[in-house]
Amino acid sequence: MSASIIGVQNHEHGLGRSEPEGNSRNPLIKKARSIRTLFQNTKIIVHVLVCIFAVASWADMNGMWAQLPLLVEKAHEGWTLPSYIIVISQVANIGPLIFILISCLAPQTKPKLEKVTSFLIIILGMVACFMLAFLWEYTTDIGGSQHSTALLTLNFFLAVGDCTSSVSFYAFMAYMKPEYIATLFVGEGLSGLIPSVIAIGQGVGEIVCNGTMPISTEPNFSVRVYFIILSGILLVSALAFLLLNFWNYCKSEMVTQPASEEVIIPQPKHPNAMYGTLDSVSQSSEDRASNGLYPAEDDDKADVTKHSHASTSGTEVTTSTEVLIMGTNESSQSSSLFRSIRNLVKVQDISMWIFFFLLAQIIFINMTLTSFLPTIQIYSVLPYGLQYYHLATTLPQIANPVACLFALFFMAEHAAIIFIVTILGEVGLGYIIYVAVMSPTPPLHGENGGGELAVSMLTVLDYLLAALYMYYVFM
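Heads up: the sequence shown is residues 1 to 475, going by full-length UniProt numbering.
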C-alpha cells in the first residue's frame with residue numbers, strides 16, 4: 001500500500017489529531033464538523049438551487065393529499081377517494097421501472113437521460129396541477145355512476161412523475177459533488193412541508209348551525225387557487241433546475257461522471273470488505289480529488305474508461321476507501337444490465353440475513369407511510385369532524401421532515417433504541433387501525449379529546465416511522 005494511501009486512511013480514522021478525545025466522541029461536535037465540511041468546498045447558491053429543485057419531487061402529490069378534506073366533500077367517490085388515489089399511485093410505479101430499464105439497457109443515453117427525465121417530471125407536474133385547478137370537478141358516467149375522471153387521470157400523471165423522481169433526481173445528483181446530496185434530502189422534506197403549511201393557511205371552512213339548518217362556510221381560498229399556487233412552486237423548481245444545468249457558476253460543481261458507471265465491483269474476497277463505488281480510479285482523478293478539485297461536466301472521460309477496462313482479471317486495487325475492485329474483459333454491452341443491478345447494492349460489514357431483514361423493515365415502513373395510513377386515516381379521523389381530518393392530512397406531512405432532520409442530527413447508534421422506537425410505532429399503528437375499524441362510531445366519538453387523540457396519534461406515528469426509516473437506512 002502506498003504511503004499516500006496510508007496517510008489518507010490515517011486521516012480518515014482520526015490518527016494524529018490533537019483535539020481532546022471527549023470532543024471527538026461528542027455526536028453534536030461531530031455533526032457540526034460534518035456540516036462545516038459540507039460547505040467547505042461547495043457553493044451556497046448551488047445548495048439553495050438544489051433545495052428548490054428537490055421541492056418538485058413530491059410537492060404536487062403531497063398537495064393532493066393536503067386537499068383531500070375539501071375534495072372528499074365534493075367528489076362523487078366520497079370516503080373512497082383516498083383508496084382510488086392510492087391504487088392509481090401504485091400503478092404509477094411503472095415510471096421508475098421504465099427509467100431503470102432504459103438506464104441499464106441504454107447506458108449511452110447518460111447523462112442526458114437523467115437531465116431530460118428530471119426536467120420533464122417537473123414540467124409534467126406543473127401542467128397537471130394547473131389543469132387540476134380548472135378540471136378537478138369534471139365527472140363522467142362509468143358503469144352507471146359518476147366518477148371524477150379528470151381528477152383521477154391527472155393524479156396518475158402526478159404520481160408517475162413523483163415516483164420517477166425518486167430515481168431520476170438521485171441519478172442526476174450523481175453528476176454533482178456528493179456534498180449536495182444532503183441538500184436534496186432537505187428539499188424533499190420541504191416538498192411535504194410547504195404544501196401542508198399552505199393548506200393550513202387555506203383551512204377547510206366550518207359547519208355552523210343556523211337554527212336547525214347546518215351551513216358550511218368556505219375556506220380562505222379555493223381548491224383552484226391552491227393548485228395554481230402548487231403549479232407556481234413547480235415553475236420555480238423548473239427554473240432552479242435550468243440554472244443548475246446551464247449557469248456556468250453551477251456547472252463548475254458538476255463531476256465528470258458517476259464512478260459506478262465504468263467500475264466493476266465483484267463480490268469482495270475479504271470478510272471485512274464492503275461493496276461501494278470509487279470516487280475515481282485514474283491517477284489524475286486521484287490528484288484532483290486530493291486537492292479538493294472536481295472536473296467539469298464536459299471534461300474528457302477517456303482516462304476513467306480506459307483504466308476501468310484495461311485491468312486484467314484477478315487484479316486487486318486497494319484505495320483509501322478500502323473498496324476492492326477487480327477488472328474484467330467481458331463485453332460491456334452483454335453485462336451492462338448485470339453490473340448496473342449489482343452496483344445498486346451496497347452492504348457494509350453486515351451479513352446478508354441482516355441486510356434483508358433491514359430491507360423488509362424499510363419496505364414495511366414505506367408501505368405504512370405511503371399506502372396504508374393514507375387509506376385508513378379518513379375512517380379513523382373524519383368521524384370526529386372535518387377540522388380534525390384537515391389536521392390529520394397536514395400535520396403528519398410537517399412531522400415527517402422534522403423527524404428526518406432530528407434523525408439526521410441525533411442518529412440512533414444502538415439497536416435497542418431502534419427496537420424501542422419500532423415497538424412504539426407498532427402500538428400507535430394498532431390504535432389507528434382499531435379506531436378505523438370502529439368507524440363511524442370510534443372511541444370517544446362525540447366527546448372532548450377524541451379527535452385530538454386521533455390526530456395526535458397519527459402525527460406521532462408518522463414522526464416515529466419517518467425517524468425509523470432514517471435509522472434503518474443509515475445504521
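Just so you know, even glycine gets a beta-carbon here, dropped at the ideal spot from N, CA and C.
Where does residue i sit, in a helix, a strand or coil, going by DSSP?
i: Ser145; result: strand
i: Ser191; result: helix
i: Asp462; result: helix
i: Tyr469; result: helix
i: Thr394; result: helix
i: Thr117; result: helix
i: Thr153; result: helix
i: Thr140; result: strand
i: Val455; result: helix
i: Thr305; result: Annotation note: pLDDT 42 at Thr305 (below 50); position unreliable, coordinate value reported separately. In this structure, Thr305 counts as helix in the three-state DSSP scheme.
i: Tyr389; result: helix
i: Val255; result: coil
i: Thr441; result: coil
i: Thr422; result: helix
i: Gly203; result: coil
Do you know whose CA, among the options, lies nearest residue i's CA?
i: Leu97; options: Val160, Thr80, Lys74; result: Val160
i: Glu137; options: Glu77, Ala240, Leu465, Leu101; result: Glu77
i: Asn93; options: Ile44, Asp162, Leu151; result: Asp162
i: Leu70; options: Val460, Leu424, Glu426, Phe227; result: Phe227
i: Val437; options: Ile376, Asn220, Cys104; result: Ile376
i: Pro111; options: Cys129, Tyr175, Ser166; result: Tyr175
i: Phe172; options: Gly125, Glu114, Met131; result: Glu114
i: Val225; options: Phe130, Gly125, Ala240, Phe357; result: Phe130
i: Gln40; options: Leu391, Ser222, Ser166, Tyr180; result: Tyr180
i: residue 478; options: Phe134, Gly232, Pro440, Ser145; result: As shown, the chain starts at 1 and ends at 475. That puts residue 478 outside it, with no answer to give.
i: Ser237; options: Met126, Ile142, His147; result: Met126
i: Ile433; options: Tyr379, Phe419, Ile85; result: Tyr379
i: Thr370; options: Ile229, Trp58, Ile142; result: Trp58
i: Leu124; options: Thr422, Ile102, Thr164; result: Thr164
i: Leu158; options: Ala182, Leu120, Thr139, Ser145; result: Leu120
i: Val455; options: Val435, Leu81, Ile102, Leu244; result: Val435
i: Leu132; options: Phe99, Ser145, Met61; result: Met61
i: Phe99; options: Tyr170, Gly143, Gly144, Pro401; result: Tyr170
i: Tyr388; options: Gln361, Thr459, Gly428; result: Thr459
i: Lys43; options: Leu429, Leu444, Gly430, Ser252; result: Ser252
i: Val223; options: Leu444, Lys177, Ala75, Pro401; result: Ala75
i: Lys63; options: Val167, Ala416, His390; result: In the sequence as displayed, the identity of residue 63 is Gly instead of Lys. The residue with the shortest Cα to Cα distance from Gly63 is His390.
i: Pro82; options: Ala240, Pro442, Ile420, Pro374; result: Pro374
i: Phe372; options: Gly144, Glu73, Tyr84; result: Tyr84
i: Ile229; options: Gln67, Cys250, Pro440; result: Gln67
i: Cys250; options: Ile200, Tyr469, His47; result: His47
i: Pro401; options: Leu184, His147, Ala416; result: Leu184
i: Thr117; options: Ser148, Pro219, Leu242; result: Leu242
Could you pull the start and end residues of the alpha helix (DSSP H) that residue i belongs to?
i: Lys251; result: 248–251
i: Leu105; result: 94–105
i: Ala174; result: Unbroken run through Ala174: none, as it is neither H nor E.
i: Phe46; result: As written in the sequence, residue 46 is Val, which differs from the Phe given in the question. Start and end: 44–55.
Taking only beta-carbon atoms, is residue i less than 7 Å away from chain B?
i: Leu158; result: No chain B appears in the structure shown, which is made up of a single protein chain.
Task: Complete runs of the alpha helix (DSSP H) confined to the region 61–88 [at least 4 residues] - done: 68–74
TODO: Assess, as a yes-or-no matter, whether the region 394–403 is touched by the region 182–198 under the definition of 3 or more beta carbon pairs within less than 8 Å.
DONE: yes
Task: Inside the region 347–375 only - alpha helix (DSSP H) runs reaching at least 4 residues - done: 352–367
Open item on the list: So, does the region 362–374 touch the region 457–465, judging by three or more C-beta pairs under 8 Å?
Closed with: yes
Open item on the list: Under 8 Å, with one C-beta from each stretch per pair, do the region 376–391 and the region 441–453 reach the 3-pair mark?
Closed with: yes
Task: the region 183–191 in contact with the region 50–63 per 3-pair CB rule at 8 Å - done: yes
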